[in-house]
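There are 2 protein chains.
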Amino acid sequence: MVRTIVVGGVAGGMSAATRLRRLASGAEIVVLERGPEVSYANCGLPYYAGGVIERRDDLLLQTPQSLHTRFGLDVRVRTEVLAIDRETRRLRVRDLVTGREYDEGYDHLVLSPGAAPVVPELPGVERALTLRTVAEADRLAAAVRGGARTAVVVGGGFIGLEVAENLARRGLTVAVVERDAQVLAPLDPEMAAPVHAELAANGVALHLGATVTKVLADVVELHDGRLLDADLVLLAIGVRPETDLASGAGLKLGPRGGIAVDETMRTSDPHIYAVGDAVEKVDRVGGAPSLIPLANSANRQGRLAADAIAGLPVRLGGRIGTAIVQVFGLTVATTGANEKRLRAAGRPYRVIHTHPASHAGYYPGAEPMSLKLLLDPDDATLLGAQAVGGAGVDKRIDVLATALYAGLRADELADLELGYAPAFGSAKDPVNMLGYIAGNQLSDGEQSIQWHEVAAAVEAGAALLDVRTAAEYAAGHLPGAISLPLDELRERMAEVPDRALIVYCQVGQRGHTATALLTGHGYRVHNLDGGYRTWKAGTASVQSARPGAA
Amino acid sequence: MVRTIVVGGVAGGMSAATRLRRLASGAEIVVLERGPEVSYANCGLPYYAGGVIERRDDLLLQTPQSLHTRFGLDVRVRTEVLAIDRETRRLRVRDLVTGREYDEGYDHLVLSPGAAPVVPELPGVERALTLRTVAEADRLAAAVRGGARTAVVVGGGFIGLEVAENLARRGLTVAVVERDAQVLAPLDPEMAAPVHAELAANGVALHLGATVTKVLADVVELHDGRLLDADLVLLAIGVRPETDLASGAGLKLGPRGGIAVDETMRTSDPHIYAVGDAVEKVDRVGGAPSLIPLANSANRQGRLAADAIAGLPVRLGGRIGTAIVQVFGLTVATTGANEKRLRAAGRPYRVIHTHPASHAGYYPGAEPMSLKLLLDPDDATLLGAQAVGGAGVDKRIDVLATALYAGLRADELADLELGYAPAFGSAKDPVNMLGYIAGNQLSDGEQSIQWHEVAAAVEAGAALLDVRTAAEYAAGHLPGAISLPLDELRERMAEVPDRALIVYCQVGQRGHTATALLTGHGYRVHNLDGGYRTWKAGTASVQSARPGAA
Numbered sequence: 001m002v003r004t005i006v007v008g009g010v011a012g013g014m015s016a017a018t019r020l021r022r023l024a025s026g027a028e029i030v031v032l033e034r035g036p037e038v039s040y041a042n043c044g045l046p047y048y049a050g051g052v053i054e055r056r057d058d059l060l061l062q063t064p065q066s067l068h069t070r071f072g073l074d075v076r077v078r079t080e081v082l083a084i085d086r087e088t089r090r091l092r093v094r095d096l097v098t099g100r101e102y103d104e105g106y107d108h109l110v111l112s113p114g115a116a117p118v119v120p121e122l123p124g125v126e127r128a129l130t131l132r133t134v135a136e137a138d139r140l141a142a143a144v145r146g147g148a149r150t151a152v153v154v155g156g157g158f159i160g161l162e163v164a165e166n167l168a169r170r171g172l173t174v175a176v177v178e179r180d181a182q183v184l185a186p187l188d189p190e191m192a193a194p195v196h197a198e199l200a201a202n203g204v205a206l207h208l209g210a211t212v213t214k215v216l217a218d219v220v221e222l223h224d225g226r227l228l229d230a231d232l233v234l235l236a237i238g239v240r241p242e243t244d245l246a247s248g249a250g251l252k253l254g255p256r257g258g259i260a261v262d263e264t265m266r267t268s269d270p271h272i273y274a275v276g277d278a279v280e281k282v283d284r285v286g287g288a289p290s291l292i293p294l295a296n297s298a299n300r301q302g303r304l305a306a307d308a309i310a311g312l313p314v315r316l317g318g319r320i321g322t323a324i325v326q327v328f329g330l331t332v333a334t335t336g337a338n339e340k341r342l343r344a345a346g347r348p349y350r351v352i353h354t355h356p357a358s359h360a361g362y363y364p365g366a367e368p369m370s371l372k373l374l375l376d377p378d379d380a381t382l383l384g385a386q387a388v389g390g391a392g393v394d395k396r397i398d399v400l401a402t403a404l405y406a407g408l409r410a411d412e413l414a415d416l417e418l419g420y421a422p423a424f425g426s427a428k429d430p431v432n433m434l435g436y437i438a439g440n441q442l443s444d445g446e447q448s449i450q451w452h453e454v455a456a457a458v459e460a461g462a463a464l465l466d467v468r469t470a471a472e473y474a475a476g477h478l479p480g481a482i483s484l485p486l487d488e489l490r491e492r493m494a495e496v497p498d499r500a501l502i503v504y505c506q507v508g509q510r511g512h513t514a515t516a517l518l519t520g521h522g523y524r525v526h527n528l529d530g531g532y533r534t535w536k537a538g539t540a541s542v543q544s545a546r547p548g549a550a
Numbered sequence: 001m002v003r004t005i006v007v008g009g010v011a012g013g014m015s016a017a018t019r020l021r022r023l024a025s026g027a028e029i030v031v032l033e034r035g036p037e038v039s040y041a042n043c044g045l046p047y048y049a050g051g052v053i054e055r056r057d058d059l060l061l062q063t064p065q066s067l068h069t070r071f072g073l074d075v076r077v078r079t080e081v082l083a084i085d086r087e088t089r090r091l092r093v094r095d096l097v098t099g100r101e102y103d104e105g106y107d108h109l110v111l112s113p114g115a116a117p118v119v120p121e122l123p124g125v126e127r128a129l130t131l132r133t134v135a136e137a138d139r140l141a142a143a144v145r146g147g148a149r150t151a152v153v154v155g156g157g158f159i160g161l162e163v164a165e166n167l168a169r170r171g172l173t174v175a176v177v178e179r180d181a182q183v184l185a186p187l188d189p190e191m192a193a194p195v196h197a198e199l200a201a202n203g204v205a206l207h208l209g210a211t212v213t214k215v216l217a218d219v220v221e222l223h224d225g226r227l228l229d230a231d232l233v234l235l236a237i238g239v240r241p242e243t244d245l246a247s248g249a250g251l252k253l254g255p256r257g258g259i260a261v262d263e264t265m266r267t268s269d270p271h272i273y274a275v276g277d278a279v280e281k282v283d284r285v286g287g288a289p290s291l292i293p294l295a296n297s298a299n300r301q302g303r304l305a306a307d308a309i310a311g312l313p314v315r316l317g318g319r320i321g322t323a324i325v326q327v328f329g330l331t332v333a334t335t336g337a338n339e340k341r342l343r344a345a346g347r348p349y350r351v352i353h354t355h356p357a358s359h360a361g362y363y364p365g366a367e368p369m370s371l372k373l374l375l376d377p378d379d380a381t382l383l384g385a386q387a388v389g390g391a392g393v394d395k396r397i398d399v400l401a402t403a404l405y406a407g408l409r410a411d412e413l414a415d416l417e418l419g420y421a422p423a424f425g426s427a428k429d430p431v432n433m434l435g436y437i438a439g440n441q442l443s444d445g446e447q448s449i450q451w452h453e454v455a456a457a458v459e460a461g462a463a464l465l466d467v468r469t470a471a472e473y474a475a476g477h478l479p480g481a482i483s484l485p486l487d488e489l490r491e492r493m494a495e496v497p498d499r500a501l502i503v504y505c506q507v508g509q510r511g512h513t514a515t516a517l518l519t520g521h522g523y524r525v526h527n528l529d530g531g532y533r534t535w536k537a538g539t540a541s542v543q544s545a546r547p548g549a550a
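Protein chains in written order, with UniProt numbering: chain A, 1 to 550; chain B, 1 to 550.
Here is the structure:
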């Protein structure tokens, strides 16, 4: 009988095992898991620690017994694989409860070892918690119940912010320490600025450009000597692929340190597949290898590995990497590449910012969002998108992720027929709007300018024209801008300076109308992309990046 | 100076006018609107009548004055175009306030006359209200404020149900009379069943297969003589394109009675364009001409007509027709073709039903939804989708509409990377699940059977196997089904009858696992698509279609 062993019984590994069972009802399938649980809801751990998910059992989607009963799987928890003998196709296995060691032979092997939280070498770091397993979530929940009043979360990534929010909701005084100048690295800085504001508004102290140098009894010490109260310290500075077993067996690793696999999830050994957070994927935008530790990606790969083992045709394309997180009242989501990554890769791109409402403004309850789109400057294909706001952010990023997957051009977004009723969207949906703006630039040749390019353009002699109302102008404007409201522009055309112009409004739309009018009158005009709002957020992000600004 | 006249100043017409202004700052642009308002939020009218939108002004997105100030448009309301002289390119125009008639010459003409509510010839029908303009919404709102206690809404389409809900929320006793056996014609019957239940649960009496024969003083009479109390009668049985002006000028109409246009929105006269609800679009699935009276489509076409007039390259592809509506606690959305239409067109298709949760089950607040996907049986390209449920229905239909637009195959839906965090989705999103199910059928050859095919298959000798738990079976099951819970199936394989099998669970997923297991044991198995839930909904829809069942 053909025998498949799966190492690692969470997302990717368990998807492989159950899928393989459905494809091969008679095959022998063994799952070896080092920890005490299989198939648990990793992504729910911050919410369990925070009490949003009340029952621990809700995290445990399957048990070894349920998997045996339903799928005929031989699942062994607290069982560690020590080594792979690829010659003889045997594993050296240790039962972590009894200490007994034994060998297991395989025909096919699927590695799904996952990734481990990075723990820096710091004095006192052994007191710090991490959050990857149910046991670690138990420890965090116990610390909260045990009376912790203050917490320092080290790392402002997705997990870090989820934990920070959950602890704050439990009444703790929370500080987040982030080495970078912004939280949530997949966002570009101007898109991260509203997240910084949201954390501040909810009482979470944010220390950007800061590192922890010591973990002491009830405080942590930062690089500049400041001390932060910390009954509880949580490390969330990232994960690294668990590759010891794979590299010990001489399997090829990729340039990013993950296990290298081909399009069928096969490693450098034809009998061994690897899936999940430990594996390097090919990035769809740019084609570079990347690590994308996401549960949905792990599930997908696990299933494909099973298909490959069963002899079905399999081909996993480049990964886009869509991610979403709730940060108090904000939803933050990204798909594809960001500007930082494209710039680093030397790949040309064009940027569009817009600030639409979640649904028609005439219907109550619309919430604002900020959208950013990155597109190829030559053929207008989508490269990436970011969204920050309230209701409907998840919908727009999923639509954009689908469009990106399908290879649509940005101007085609205008043509998408999306469901419109007042409670759900607008006659021109935010995604359509991105397409219309892209079309304006492509077909009409409208020129835009980005928030970070304004200063240099003004330096070079351009005049700044604020076409918002006088009241909007009075509430804050770009330095040196002339106020000339759009609805007066036709009458007051004589007042427009005879120079290169940068026009702006609040979000870019009135600027678009003004740009068209002024261009028709012979002016050379750039419309400030995303308007005052994007400029303001971008400027705030630069402020927070200055040393000592946090 | 080039002169463009736009006839009709709501969605499509005003989009054409403002877009053209941005493309041609010096052009003369005149908008002639028969009614007293331009650019109003048609889709908000039911909510204004129901008090959800409180301020009438919120419906009025622009005024003639604001359009003149901002866009330099010459907008004339209460101005009717009586005739087009295509030879001389002149319009005969009447000022409805003064009665004065005059001529206006044009270089380009854009017709955006919209559609008018269908009013059947019935005794007493002059008392019935319709809802297309702000004035009609005023009348409806006045009737509610004036003390109407009972209402009959004739027509169970999108507008009819929106009005019914709004009136019910205002405390009226509401009945809906629908000629068809179901509400919301774009849904297939089994998908409409939950809508019927939702209406009933919210106290709206639904009379299916019924027609109104008389409108009397305070009741309406149905075809079978029943009388329904009706202080207020609202007609919402559909709209017909306003083509009098176009046909009077000898412009070509299409087979569905709308104005015929090419891919650039041009009519049979090269100087005349037409957009919006009065126009026939090509249906993307199947390529047949169709009428799709949707605001987003009208806006899109208005813009494209302006582009065409300005000499930009324009090509409007076939329309998909995505629509969404809120019905009390349910969201209902559709995109592309439904089963009824495909069957009528003789186009082969395959069906997938699933009943996922809006987000991960372990996170609180997940809401159920029902999803239906139609795909090409040969190449698996998407043909259409329907969704009914709570939160997240809008998101899934928009993703599916995007995938349909892009020409994706159903199995590619499994590969979409959609944002996953516990509050927003699942590691396998509902859209991914549709892709996985399609993949099961394509690659593994799993056979499914539809709810309406079960009876014939049982008649032909198939055995019905219920693989849910004993408790689920006890709470309701298919007639004649044997109970054999999935988790006991491996042990009790000997009890499985040696016949063709139809396996089912609650939604199809356990059925899938059982099907794989039984197929591996040599059985010929069909999995009931969508499980007991779809069968139950389908059966209910057949019940309600029986005469007198309402």
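For glycine and all other residues, C-beta sits at the position ideal for the given N, C-alpha and C.
Given this structure, state the Cα-to-Cα distance separating G238 (chain B) from G155 (chain B), to the nearest angstrom.
Counted from its first residue, the second sequence places residue 238 (chain B) at position 238. Counted from its first residue, the second sequence places residue 155 (chain B) at position 155. Whole-angstrom Cα-Cα distance: 8 Å.
Assigned exposure category for G346 (chain A) - 16 Cβ within 10 Å defines buried
Here residue 346 (chain A) refers to the residue found at position 346 when the first sequence is read from its first residue. Exposed: under 16 other Cβ atoms inside 10 Å.
Looking at A200 (chain A) and V152 (chain A), is the spacing between their C-beta atoms short of 8 Å?
Along the first sequence, one-based indexing puts residue 152 (chain A) at 152. Along the first sequence, one-based indexing puts residue 200 (chain A) at 200. No. Outside cutoff.
Compute the Euclidean distance between the alpha carbons of V279 (chain A) and G9 (chain A), then round it to the nearest angstrom.
Residue mapping note: residue 279 (chain A) aligns to position 279 of the first sequence, counting from 1. Residue mapping note: residue 9 (chain A) aligns to position 9 of the first sequence, counting from 1. When rounded, the distance between both Cα atoms is 15 Å.
Kindly list the residues whose CB is nearer than 8 Å to the CB of T267 (chain B), restricted to its own chain and excluding five residues on each side of it in sequence; keep chain order.
The sequence position of residue 267 (chain B) within the second sequence is 267, counting from 1. Counting only Cβ-Cβ distances below 8 Å, and skipping sequence neighbours, we find L111, A246, L251, K252, I259, A260, V261, Y273, A274.
Classify A456 (chain B): buried if its beta carbon has 16 or more other beta carbons within 10 angstroms, exposed otherwise.
Here the question's residue 456 (chain B) lines up with position 456 in the second sequence. By the neighbour-count rule (16 or more Cβ atoms within 10 Å), A456 (chain B) is not buried but exposed.
Consider the Cβ of L418 (chain B): report whether some Cβ of chain A lies at a distance smaller than 8 Å.
Position 418 of the second sequence, counting from 1, holds the residue named residue 418 (chain B). Output row for L418 (chain B): interface = yes.
Simplified DSSP assignment, three categories, for L23 (chain B)
Reading the second sequence from its first residue, position 23 is the one you call residue 23 (chain B). Residue state, collapsed to three classes: helix.
Check whether E339 (chain B) and L374 (chain B) have beta carbons under 8 Å apart
The residue labelled residue 339 (chain B) in the question sits at position 339 within the second sequence. The residue labelled residue 374 (chain B) in the question sits at position 374 within the second sequence. Taking 8 Å as the Cβ cut-off, E339 (chain B) and L374 (chain B) qualify as a contacting pair.
Host beta strand (DSSP E) of residue 551 (chain A) (start-end)
The requested residue 551 (chain A) does not occur in the structure, where chain A is confined to residues 1 to 550.
Would you check if the distance between the CB atom of A500 (chain A) and the CB atom of A462 (chain A) is smaller than 8 Å?
Locating residue 500 (chain A) in the first sequence gives position 500, counting from the first residue. Locating residue 462 (chain A) in the first sequence gives position 462, counting from the first residue. Closer than 8 Å, so yes.
Compute the Euclidean distance between the alpha carbons of P113 (chain A) and P241 (chain A), then round it to the nearest angstrom.
Stepping through the first sequence from its first residue, residue 113 (chain A) is reached at position 113. Stepping through the first sequence from its first residue, residue 241 (chain A) is reached at position 241. The alpha-carbon atoms of P113 (chain A) and P241 (chain A) are separated by roughly 8 Å.
Supposed close pair H353 (chain B), S370 (chain B) - CB separation, criterion 8 Å:
Taking the second sequence and counting its residues from 1, one reaches residue 353 (chain B) at position 353. Taking the second sequence and counting its residues from 1, one reaches residue 370 (chain B) at position 370. H353 (chain B) to S370 (chain B), Cβ: 7 Å. Contact.
Could you work out which residues of chain E lie near I437 (chain B), taking near to mean beta carbons separated by less than 9 Å?
Of the protein chains in the structure, A and B, none is chain E.
Since F328 (chain B) meets chain A, which of its residues come closer than 8 Å, beta carbon to beta carbon?
Here residue 328 (chain B) corresponds to residue number 328 of the second sequence, with the count starting at 1. Near F328 (chain B) there are no residues of chain A at all, since even the closest Cβ is about 12 Å away, more than 8 Å.
At a Cβ threshold of 8 Å, is A505 (chain B) touching chain A?
One-based indexing of the second sequence puts residue 505 (chain B) at position 505. In the sequence as presented, Ala is not what sits at residue 505 (chain B); that position holds Cys. Not an interface residue.
Assuming A210 (chain B) contacts H223 (chain B) (C-beta within less than 8 Å), just tell me the rounded distance between them.
Here residue 210 (chain B) refers to the residue found at position 210 when the second sequence is read from its first residue. Here residue 223 (chain B) refers to the residue found at position 223 when the second sequence is read from its first residue. So it is a contact: roughly 6 Å between Cβ atoms.
Would you check if there are 3 or more beta carbon pairs closer than 8 Å linking the segment 287-298 of chain B to the segment 529-537 of chain A?
no
In chain order, which alpha helix (DSSP H) runs of at least 4 residues are fully inside the UniProt domain "Rhodanese" (458-544) of chain A?
470-474, 486-489, 509-520
Could you spell out where the alpha helix (DSSP H) holding L245 (chain A) opens and where it closes?
To locate residue 245 (chain A), count along the first sequence from 1; it is residue 245. Run containing L245 (chain A): 244-248, per the alpha helix (DSSP H) assignment.
Please report the residue range of the beta strand (DSSP E) in which R341 (chain B) lies.
For the purposes of this step, residue 341 (chain B) is taken as the residue at position 341 of the second sequence. Where R341 (chain B) is concerned, there is no enclosing beta strand (DSSP E), although the alpha helix (DSSP H) it sits in stretches over 339-344.
Contact list for L67 (chain A) against chain B, beta-carbon separation under 8 Å:
Against the first sequence, residue 67 (chain A) aligns to sequence position 67. What L67 (chain A) touches in chain B: nothing, since even the nearest Cβ is about 11 Å away.
Would you list the one or two residues that DSSP bridges to G389 (chain A)?
For this step, residue 389 (chain A) is matched to residue 389 along the first sequence. Answer is A:T331, A:M369, bridged to G389 (chain A).
Can you check whether the C-beta of N338 (chain A) is within less than 8 Å of a C-beta belonging to chain B?
By 1-based counting over the first sequence, the position of residue 338 (chain A) is 338. It does not; no Cβ of chain B falls within 8 Å.
For the segment 132-143 of chain A against the segment 42-55 of chain A, do three or more pairs of beta-carbon atoms, one drawn from each stretch, fall closer than 8 Å, so that the two count as touching?
yes
Rounded to whole angstroms, how far is the Cβ of D103 (chain A) from the Cβ of L91 (chain A), which I believe are closer than 8 Å?
As a working note, residue 103 (chain A) is residue 103 in the first sequence. As a working note, residue 91 (chain A) is residue 91 in the first sequence. Right, their Cβ atoms sit about 7 Å apart.
According to DSSP, what are the bridge partners of D283 (chain B)?
The residue you call residue 283 (chain B) lines up with position 283 of the second sequence. B:R319.
Please classify V97 (chain A): is it buried, with 16 or more other beta-carbons within 10 angstroms of its beta-carbon, or exposed?
One-based indexing of the first sequence puts residue 97 (chain A) at position 97. Exposed, since its Cβ has fewer than 16 Cβ neighbours within 10 Å.
Note down, in chain order, all residues in the segment 386-406 of chain B with a beta-carbon under 7 Å from any beta-carbon belonging to chain A.
D394, K395, I397, D398, V399, A401, T402, A403, Y405, A406
Considering only C-alpha positions, which residue in the set A:G365, A:L140, A:D378 is nearest to V351 (chain A)?
Translated into the one-based positions of the first sequence, residue 351 (chain A) becomes position 351. Answer by Cα proximity: A:D378.
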